[in-house]
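Enquirer:
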Amino acid sequence: MTAKVALVTGATQGLGLALAEGLAQRLTPEDTVYLTGRDLGRVTQAVAALPGGGARVRGEILDVAHPEAAGRLAAQLADRHGGVDIVFGNAVMRVGPGDDPRTIVDAYAEVNNFGTTRLLRAFAPLLRDNGRLLVVASSLGTLHQLAPVLHDRFAGLSSLDEVDRQVAAWRDAVRDGSARAGAWPGFVNIPSKIGQVAAVRALAHQRRERDLARGILLAAVCPGMMNTPTSALWWDVAGAPTPAQAAAALLKLASGPADPAQYGQLVRDGRTLPWSPG
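Going by our numbering, the sequence shown opens with residue 350, and the numbers climb by one from there.
1) Can you give me the C-alpha to C-alpha distance between Ala471 and Gly432, rounded to a whole angstrom?
2) By the three-class DSSP mapping on this structure, what secondary structure does Val485 have?
3) Decide if Gln425 is buried, meaning its Cβ has at least 16 other Cβ atoms within 10 Å, or exposed.
4) By the three-class DSSP mapping on this structure, what secondary structure does Gly464 have?
5) Return the residue from the list Gly365, Ala547 and Ala532 that minimises the CA-CA distance to Val498.
6) Can you tell me whether Leu453 is helix, strand or coil according to DSSP?
7) Using the C-alpha atoms, what's the distance from Arg617 back to Pro606?
8) What is the residue span of the beta strand (DSSP E) that Thr393 lies within?
9) With H, G and I counted as helix, E and B as strand and the rest as coil, what does DSSP make of Leu509?
10) Quick test of your reading: Ile543 and Gln494, contact by CB under 8 Å. State the CB separation rounded to the nearest angstrom.
11) Count the other CB atoms, across all protein chains shown, that sit within 10 Å of the CB of Lys353; report buried if there are 16 or more and exposed otherwise.
12) Helix, strand or coil for Phe536, going by three-state DSSP, please let me know.
13) The beta strand (DSSP E) spanning Glu409 covers which residue range?
14) Could you spell out where the alpha helix (DSSP H) holding Asp428 opens and where it closes?
15) Measure the C-alpha to C-alpha separation of Gly634 and Ala496 and round it to an integer number of angstroms.
16) Below 6 Å CB to CB, which residues in the same chain sit around Leu343 once its five sequence neighbours on both sides are set aside?
17) DSSP three-state label for Val616, please.
18) Using three-state DSSP, classify Asp326 as helix, strand or coil.
19) Verify whether the separation of the beta carbon atoms of Ala603 and Ile435 is less than 8 Å.
20) Please name the residue or residues paired with Ile435 in a DSSP beta bridge.
21) By the three-class DSSP mapping on this structure, what secondary structure does Thr377 have?
22) Just the Cα atoms here: how many angstroms apart are Gly402 and Leu483?
23) Could you check the C-alpha separation between Gly564 and Ser527 for me, to the nearest Å?
24) When we look at the beta-carbon of Asp449 and count the other beta-carbons within 10 Å, is it buried (16 or more) or exposed?
25) Since Ala528 is in the alpha helix (DSSP H), which residue starts that stretch and which ends it?
26) From the DSSP secondary-structure annotation, give me the bridge partner or partners of Leu476.
27) Quick check: what's the CA-CA separation for Met574 versus Arg556?
28) Is the beta carbon of Thr361 sitting closer than 8 Å to the one on Asp388?
29) Based on the DSSP secondary-structure assignment, which residues constitute the bridge partners of Thr621?
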């Protein structure tokens, strides 16, 4: 049996670290989990802090904001292993209530959105049979969260290039201030998460038939509200699950049998969330 290969982006803390640890515990010593992040010191520290047992955990530098980084790492893993079995796209730039959207939106979209489409382009071709490619998004990532006049920006997109163009148009409108005068929500997380889910849907539109025949699951996943320092800036999260608790449902999706009804969808706690009203 071929040893399994898993990769988690944004894995030096919080949910990403919990996903890397959970995968390592569920896989065997012959398998490898790649714990990735953009800072070598934090990657090294995170790998060293994980408990022993299970799969080997290997640290790698991956800054998804760099245009060539995902493709370069994908090529390296293809050379080492011939393919990958599980990929969690979890890299995220966080935003606080005091941040001016106009000044942070370039970096924000570069990580959260263009970083997602780069990851999808780089690693989807490497998926082995029964593989999983899961993008961590949010229940905010549906058209329900947008004014109806904006729905056609993201509905029905059939390529990652189309998604990138729509995200770039939104980013530019935030940067120049015109988004404030339009129908865009002021919370940049909403259009960004919608862009992530739209990217998954667009790629799924292209790959659905052959992926389903091979047992592959491509989906966006919502971990729900978590008790983290960043979430606490916005909401009362005192009773919310920890990242480790929230990771459980995502790990189940990564290791359990693929449900064709979840392919290309946004999934939370095993349930598919509707993409659009009605």
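Idealized CB from N, CA, C, for every residue including glycine.
Expert: Taking the coordinates as given:
1) Here residue 471 refers to the residue found at position 122 when the sequence shown is read from its first residue. Here residue 432 refers to the residue found at position 83 when the sequence shown is read from its first residue. If you take the alpha carbons of Ala471 and Gly432, they lie about 11 Å apart.
2) Position 136 of the sequence shown, counted from the start, is the residue given in the question as residue 485. DSSP places Val485 in strand when its eight states are reduced to three.
3) By 1-based counting over the sequence shown, the position of residue 425 is 76. Counting the other CB atoms within 10 Å of its CB gives Gln425 a total below 16, which places it among the exposed residues.
4) Numbered from 1 along the sequence shown, position 115 holds the residue referred to as residue 464. DSSP places Gly464 in helix when its eight states are reduced to three.
5) As a first step, residue 498 must be located in the sequence shown, where it is residue number 149. Checked all of Gly365, Ala547 and Ala532; the closest Cα to Val498 is Ala532.
6) Translated into positions along the sequence shown, residue 453 becomes position 104. Before going on, a small fix: residue 453 reads as Ile here, not Leu. Looking at Ile453 - three-state DSSP - the assignment turns out to be helix.
7) Sequence index remark: in the sequence shown, residue 606 carries index 257 (1-based). Sequence index remark: in the sequence shown, residue 617 carries index 268 (1-based). Using only the alpha carbons, I get a separation of about 16 Å.
8) Working through the sequence shown from its first residue, we reach residue 393 at position 44. Run containing Thr393: none in the beta strand (DSSP E); it sits in the alpha helix (DSSP H), Leu389 to Ala398.
9) As a first step, residue 509 must be located in the sequence shown, where it is residue number 160. Note: Leu509 maps to helix in three-state DSSP.
10) Mapped onto the sequence shown, residue 543 falls at position 194. Mapped onto the sequence shown, residue 494 falls at position 145. Between Gln494 and Ile543 the Cβ distance is about 7 Å, and since that is below 8 Å, they are a contact.
11) Your numbering for residue 353 matches position 4 in the sequence shown. Under this definition Lys353 is a buried residue.
12) Translated into the one-based positions of the sequence shown, residue 536 becomes position 187. Here Phe536 sits in coil by DSSP.
13) Here the question's residue 409 lines up with position 60 in the sequence shown. Unbroken beta strand (DSSP E) run through Glu409: Arg405 to Ile410.
14) Residue mapping note: residue 428 aligns to position 79 of the sequence shown, counting from 1. From DSSP, the alpha helix (DSSP H) with Asp428 extends over Ala418 to His430.
15) Because the chain spans 350 through 627 in this model, residue 634 falls outside it and cannot be assessed.
16) Because the chain is modelled from 350 through 627, residue 343 falls outside the range shown and cannot be assessed.
17) Translated into positions along the sequence shown, residue 616 becomes position 267. Strand.
18) Since the first and last residues shown for the chain are 350 and 627, residue 326 lies out of range.
19) Position 254 of the sequence shown, counting from 1, holds the residue named residue 603. Position 86 of the sequence shown, counting from 1, holds the residue named residue 435. Yes. Within cutoff.
20) Locating residue 435 in the sequence shown gives position 86, counting from the first residue. Beta-bridge pairing links Ile435 to Ala355 and Arg481.
21) In the sequence shown, counting from the first residue as 1, residue 377 sits at position 28. Thr377: coil per DSSP, three-state reduction.
22) Walking along the sequence shown from the start, residue 402 turns up at place 53. Walking along the sequence shown from the start, residue 483 turns up at place 134. If I take the Cα positions, the gap works out to 24 Å.
23) Taking the first residue of the sequence shown as 1, we reach residue 564 at position 215. Taking the first residue of the sequence shown as 1, we reach residue 527 at position 178. Distance between the alpha carbons of Gly564 and Ser527: 44 Å.
24) Within the sequence shown, residue 449 is the residue found at index 100, counting from 1. Exposed, because fewer than 16 other Cβ atoms sit within 10 Å of the Cβ of Asp449.
25) Here residue 528 refers to the residue found at position 179 when the sequence shown is read from its first residue. From DSSP, the alpha helix (DSSP H) with Ala528 extends over Ser527 to Ala530.
26) The residue labelled residue 476 in the question sits at position 127 within the sequence shown. Note: Leu476 sits in a beta bridge opposite Val433.
27) On the sequence shown, residue 574 is found 225 positions in, with the first residue counted as 1. On the sequence shown, residue 556 is found 207 positions in, with the first residue counted as 1. Distance between the alpha carbons of Met574 and Arg556: 30 Å.
28) In the sequence shown, counting from the first residue as 1, residue 361 sits at position 12. In the sequence shown, counting from the first residue as 1, residue 388 sits at position 39. Closer than 8 Å, so yes.
29) Reading the sequence shown from its first residue, position 272 is the one you call residue 621. According to DSSP, residue pairing for Thr621 in a beta bridge involves Val616.
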